[in-house]
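Participant: The sequence shown begins at 10 in my numbering and counts up by one.
For every residue, glycine included, the Cβ atom is placed at its ideal position computed from N, Cα and C.
Here it is: the structure, laid out below.
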Amino acid sequence: MPLIYDLSSYLPVLVAVAVVATWIISIRIYPVIIYIVQKKNLMDEPDERSSHIKKVPTLGGVGMFLAFSLALMLFGIFVALEEGELVRLISIVAATIILLFLGIKDDLLVLAPKKKFLGQIFAAAIVILATDVRISSFGGIMGIWELHYFGSVIFTLCVFVVIINAFNLTDGIDGLAGSIATLCSAIFGFFFLVNGEMFLSLVSFTLVGALIGFLSHNFSERQKLFMGDSGSLFLGYMLAYQGVCFVEVSASETALYTVPHAPIILLALLSYPMVDSLRVFAVRIYNGKHPFHADRNHIHHRFVDVGYSHMKATFAISISNVLMVGLIWLINDWDPTVQFFTGLFAGMGLYMWVFVVRTNDELLQYSIDNTIQGKTLGANTINPVEILNRKRLRILKQRLKVEATNNSKKKSDSQFRFITDESKREISKAKQSG
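What follows is the structure, given as structure tokens:
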């Protein structure tokens with residue numbers, strides 16, 4: 010029997026409790042996930058596309074889903090949810106379970122893109138058809154306003170699939186996908202809160218609590234955990250769901266607070282995944298590759314290549330995302346189509362400026378080409394020998410760190426001392442030659 014009935018005046022307190030409660034549940038679950046993954050050796054192996062150099066536990070999405078769904082169902086027990094809200098709760102959990110298993114299979118084995126695509130459509134259809142959650146208007150973009158029911162369902166299905174896949178591609182460096190999801194969910198949650206949407210507020214802030222717990226592990230060195238496809242598919246789905254609800258609540262005549270041109274605000278919130286995906290797909294098609302051919306050509310990879318740490322790259326992209334939302338909000342009285350294209354080009358500039366900056370490899374090639382052509386190395390170029398020595402030094406330091414980790418449990422003290430001393434001597438030589 011529900012313990013709480015009238016929550017209209019306690020909703021802010023309830024969502025605060027939701028964040029804290031989900032965070033507490035999550036910090037208990039994630040270490041268990043890490044232990045099981047390490048025990049079963051279900052680790053993410055580094056390859057040529059990886060941004061890490063050692064095995065890292067994956068399946069963080071399992072912990073994220075468990076923390077989120079357990080907390081949400083507990084609140085469903087203690088709070089007097091209406092029948093429609095119970096249907097929403099059940100449909101969300103059912104749909105995300107499907108995506109969770111798809112993600113787990115893709116993390117541990119290899120799942121064909123076609124099967125993943127069909128699973129996403131099925132998961133989206135569950136919520137759309139069971140709860141009638143759909144985008145019924147374009148908001149005036151390209152002069153299109155109201156959509157026919159069938160067209161609305163098809164368009165909303167496409168929105169779910171596009172956002173899920175775009176967000177899946179965002180998970181390439183530590184903290185990025187989790188930070189963007191936290192930012193978007195917090196904004197969605199605040200909007201639902203001021204409109205008195207109790208269930209949707211709980212969905213958003215419960216997800217924020219699960220994400221805060223995950224990010225502490227994702228950025229950690231000792232207890233690092235990746236979300237994997239199980240996490241990125243789950244988060245992409247939840248962001249799509251919140252986004253569609255955001256547009257529909259804003260368009261409702263009973264809404265206490267509406268957002269003009271809500272579909273464009275939604276695009277601004279999800280601008281980084283959308284811009285990055287469009288760019289990557291365009292480059293792959295231009296180079297004659299399949300759009301879903303995995304590579305290391307994302308915007309966030311470029312940030313790392315020019316010298317940003319994962320945390321700094323995540324911070325820079327997140328700030329750009331906030332600026333993008335602020336810009337769209339400032340021009341919210343413009344014509345929707347003009348606002349859309351202004352946001353599109355502004356987003357390309359905000360996120361893609363990093364491609365103007367040269368990486369060390371590009372500077373090396375530029376300097377070598379100039380040297381071969383007999384040109385003098387100017388102040389803006391770097392000596393090739395200096396770059397090679399710098400790269401050699403960085404690689405040796407990474408090797409030393411990996412050796413220390415791998416051999417601390419397996420090697421005797423004398424063997425370990427010999428290995429690390431040997432690496433230190435090579436580093437010393439690299440410094441002297443540089």
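Which one of Ser194, Ala190 and Met320 has the shortest CA to CA distance from Phe228?
Facilitator: Met320
Participant: Have a look at Ser286 and His226 and give me their C-alpha separation to the nearest angstrom.
Facilitator: Taken atom to atom, the span from the alpha-carbon of Ser286 to that of His226 is near 26 Å.
Participant: Let's see if you can read the secondary structure: which residues bound the alpha helix (DSSP H) around Met236?
Facilitator: Unbroken run through Met236: none, as it is neither H nor E.
Participant: Nearest CA to the CA of Ala190: which residue from Phe223, Ile38 and Val136?
Facilitator: Phe223
Participant: Any idea if Gln251 is buried or exposed, counting beta-carbon neighbours within 10 angstroms, 16 or more meaning buried?
Facilitator: buried
Participant: Please list the terminal residues of the continuous alpha helix (DSSP H) segment that includes Ala303.
Facilitator: It is not in any alpha helix (DSSP H) - Ala303 carries neither H nor E in the DSSP assignment.
Participant: What's the call for Lys125, buried or exposed, on a 16-neighbour Cβ count within 10 Å?
Facilitator: buried
Participant: So, Thr140 versus Ala80, is the Cβ gap smaller than 7 Å?
Facilitator: no
Participant: Go ahead and pull the three-state DSSP assignment for Pro66.
Facilitator: strand
Participant: Cβ atoms of Ile340 and Tyr452: under 7 Å apart, would you say?
Facilitator: Beyond the ends of the chain as shown, which are 10 and 443, falls residue 452; an answer cannot be given.
Participant: If we ignore side chains and look at the alpha-carbon of each, how far apart do Gly149 and Thr346 end up?
Facilitator: Those two C-alpha atoms are separated by around 7 Å.
Participant: What are the boundary residues of the alpha helix (DSSP H) that Trp32 is part of?
Facilitator: Leu20 to Lys48
Participant: Counting beta carbon pairs with one atom in the stretch 164-171 and one in the stretch 204-220, are three or more of them shorter than 8 Å?
Facilitator: no
Participant: Answer yes if the stretch 97-108 comes into contact with the stretch 68-82, meaning at least three C-beta pairs across the two stretches below 8 Å, and no otherwise.
Facilitator: yes
Participant: Val365 and Val315: beta carbons closer than 7 Å?
Facilitator: no
Participant: Please classify Ile130: is it buried, with 16 or more other beta-carbons within 10 angstroms of its beta-carbon, or exposed?
Facilitator: exposed
Participant: Name the one or two DSSP bridge partners that Val315 has.
Facilitator: According to DSSP, which records beta bridges pairwise, Val315 is partnered with nothing at all.
Participant: Taking Cβ to Cβ, would you say Leu108 is nearer than 7 Å to Tyr266?
Facilitator: no
Participant: Decide if the stretch 168-184 is in contact with the stretch 234-241; the criterion is three or more beta carbon pairs, one per stretch, under 8 Å apart.
Facilitator: Yes, they touch.
Participant: Would you kindly work out how many angstroms separate the C-alpha atoms of Leu111 and Ala133, rounded to a whole number?
Facilitator: Annotation: Leu111 to Ala133 spans about 14 Å, alpha carbon to alpha carbon.
Participant: Beta-carbon within less than 8 Å of Gly93's beta-carbon, same chain only, minus the 5 sequence neighbours each way: which residues are those?
Facilitator: Thr140
Participant: According to DSSP, what are the bridge partners of Met82?
Facilitator: Under DSSP, Met82 shares a beta bridge with no residue.
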